[in-house]
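Residue numbers (full-length UniProt numbering): 1 to 152.
For every residue, glycine included, the Cβ atom is placed at its ideal position computed from N, Cα and C.
Remember, it's a predicted structure, so these values are computed and weren't measured experimentally.
A short write-up of the structure that comes next.
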Ligand code: FES
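In structure tokens form, the structure reads like this:
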């Protein structure tokens, strides 16, 4: 069975025909062609597939696309303004916080959601906000430094 849904994807009203049981990561990657949303574990454990749903970070591998109907979804592609990076992206770049880069879209989106709510987070608050995002290069020190830089 197919469902027609409407998502405000990166600020643009977008219609999709999705299948029953289709998860948001597949709609984003395969139907919208936005490959910045990464598939890691596909089971809600690693955070590589993080997107913002109405401003809140969620694992898009664990949400049915029909559950996003009528809601706002922001992916990493929605942050930059043309060639100009979003301040959180720029801080990750400036802090040298990227190693293999696979986890970074999710990290940046989780960091953005944190800073939108709390512009001056403590170290503990940063760690808590990023606790759902795993970095297999274990580059957490520079990632935390990047979030602090973005908070300044
Ligand atoms: Fe979704 Fe790992 S791919 S949490």
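Nearest to residue i by alpha carbon, out of the options?
i, options, result
"residue 100", "137, 21 and 70", "137"
"residue 142", "38, 11, 5 and 93", "93"
"residue 77", "116, 152 and 105", "105"
"residue 38", "1, 25 and 122", "25"
"residue 59", "81, 85, 82 and 23", "23"
"residue 51", "4, 81 and 111", "111"
"residue 139", "95, 84 and 5", "95"
Rounded C-beta distance between residue i and residue j? I'm assuming under 8 Å.
i, j, result
"residue 65", "residue 14", "That pair is no contact at about 12 Å."
"residue 79", "residue 108", "7 Å"
"residue 61", "residue 43", "7 Å"
Is the beta carbon of residue i sitting closer than 9 Å to the one on residue j?
i, j, result
"residue 88", "residue 146", "yes"
"residue 36", "residue 75", "yes"
"residue 40", "residue 103", "yes"
"residue 159", "residue 63", "This structure leaves residue 159 out entirely; the chain is present only between 1 and 152."
"residue 17", "residue 2", "yes"
"residue 151", "residue 121", "yes"
"residue 57", "residue 91", "no"
"residue 144", "residue 123", "yes"
"residue 69", "residue 126", "no"
Does the beta carbon of residue i sit closer than 9 Å to a beta carbon anywhere in chain D?
i, result
"residue 113", "In the displayed structure, chain D is absent; only one protein chain is listed."
Count the C-beta pairs between the region 30-47 and the region 127-134 that are closer than 8 Å, then say yes if the count reaches three, no if not.
-> yes
Self-check item: In chain order, each beta strand (DSSP E) run of at least 3 residues that lies wholly inside the UniProt domain "2Fe-2S ferredoxin-type" (3-79)
Solution: 12-19, 50-53, 56-59 and 72-74
Practice prompt. Would you mind listing the beta strand (DSSP E) stretches within the region 77-129 that are 3+ residues and don't spill past its ends, in chain order?
Written response: none
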